[in-house]
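Take a look at the structure below.
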Amino acid sequence: MLHSSGRVLCALFLLPAGADALAQGPPPADKSGYHLFDPTPRELRREMSADRPDATESPYTVDAGGVQLEMSFAEYSYDRDDGRDAHSWSLAPVNLKLGLTNNADLQFLLSPWDAESGEVVEESSGFAGAGLRLKVNLHGNDSGGFALGLLPFILFPSGNDEAGPQEVEGGFAIPMAVELPHGWGLGWQVQVEWLRDEADEGYDTLFSHTVVFGHDIVGELAGYIEFIGEVFIDGPGGYRPSLSAGLTSALSPDAQLDLGVVIGLDDDQTDDLRVFSGLTLRF
7 MLHSSGRVLC ALFLLPAGAD ALAQGPPPAD KSGYHLFDPT PRELRREMSA DRPDATESPY
67 TVDAGGVQLE MSFAEYSYDR DDGRDAHSWS LAPVNLKLGL TNNADLQFLL SPWDAESGEV
127 VEESSGFAGA GLRLKVNLHG NDSGGFALGL LPFILFPSGN DEAGPQEVEG GFAIPMAVEL
187 PHGWGLGWQV QVEWLRDEAD EGYDTLFSHT VVFGHDIVGE LAGYIEFIGE VFIDGPGGYR
247 PSLSAGLTSA LSPDAQLDLG VVIGLDDDQT DDLRVFSGLT LRF
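Under my numbering, residues 7 to 289 are what the sequence shown spells out, in order.
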């Protein structure tokens, strides 16, 4: 998050220490010896944590040797600018995770089909690219009330002139999570991404930050509300704020459905609406 006061920053860094102290319980089992080829036993796995449906990534990794599939059934975006409409679709984008060690997982991204149409965009469709991410948990993967992660990523050219990146792009995210009183959870994230500029002459730097609050609603149904902000540090446009909300429903300890919406808060800088639904499966 962005703050203008050093005192606020100090308070944020002191908060996790207090959360850890409050959340102390029996020491967790030592799982440091497990790896991809010697998987963590199922009875020692941590609670499943997904990077979807909110924009804030989870700082928690998949246990060593575990496989986790996260995907959208479909995503749809709508934007109206100066009386002209634009629509975009994405079908079955996938994030497949593989637990490497107790504190690291490798993620394979695939966007098999994207499409855009409307009066303010050039119509396009097709394969939208692939990517790799490496998530490393730096603190709190198995214990404590605070968790911190590091998530570098790279996106490869799609090979499709109509959709996806045309050059290599990449960046990194730093996600964090805190357990709050009364069943609330807080997550926040900062991210830096280098995207190819429109003139294809270099890269623009996109900075984004998020903050999300989540809580159980009833039974296995939970909800969240999230603020998303992004701005090009050395590129076109101004600050782009959005508000997101959604629901998750746990079908089992290893399966979850979700539904979400993102509403743009700036008519000129953000899409008016994005809706999506998907699932997470752990094997």
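Don't be surprised by glycine CBs; every beta carbon is placed ideally from N, CA and C.
Check, Outcome
"Under 8 Å between the Cβ atoms of R139 and E175?", "no"
"Quick test of your reading: D85 and D277, contact by CB under 8 Å. State the CB separation rounded to the nearest angstrom.", "4 Å"
"Is the number of C-beta pairs between the stretch 155-168 and the stretch 38-50 that are closer than 8 Å three or more?", "no"
"From G71, L144 and G252, pick the residue whose C-alpha is nearest to that of L106; which is it?", "G71"
"By the 10 Å Cβ neighbour count, where 16 or more other Cβ atoms means buried, how is P99 classified, buried or exposed?", "buried"
"State yes or no: is the C-beta of E122 within less than 8 Å of the C-beta of S94?", "yes"
"In chain order, which continuous runs of the beta strand (DSSP E) of length 3 or greater are located wholly inside the stretch 78-144?", "90-97, 100-107, 110-116, 119-124 and 130-132"
"Considering only their Cβ atoms, is the gap separating S214 from D234 smaller than 8 Å?", "Reading off the sequence shown, one finds Ile at residue 234, where the question assumed Asp. Contact flag set, yes."
"So, using beta-carbon positions, are I269 and L249 closer together than 8 Å?", "yes"
"For the beta strand (DSSP E) that contains A200, what are its first and last residues?", "In the sequence under discussion, the amino acid at residue 200 is Trp, which differs from the Ala named in the question. That run of the beta strand (DSSP E) goes G191 to R202."
"Please say whether D36 and N101 have beta carbons closer to each other than 8 Å?", "no"
"Report all residues from its chain with a CB closer than 6 Å to the CB of G124; omit the five preceding and five following residues, and keep chain order.", "D91, A92 and H93"
"Out of curiosity, what's the CA-to-CA distance linking D111 and Y245?", "32 Å"
"For P181, list the residues DSSP reports as bridge partners.", "Q195"
"Rounded to the nearest angstrom, what separates L104 and D60 at their Cα positions?", "21 Å"
"Let's see if you can read the secondary structure: which residues bound the beta strand (DSSP E) around P247?", "R246 to S258"
"Mapping the DSSP letters down to three states, classify L50 as helix, strand or coil.", "helix"
"Report buried or exposed for D88, applying the criterion of at least 16 other Cβ atoms within 10 angstroms of its Cβ.", "exposed"
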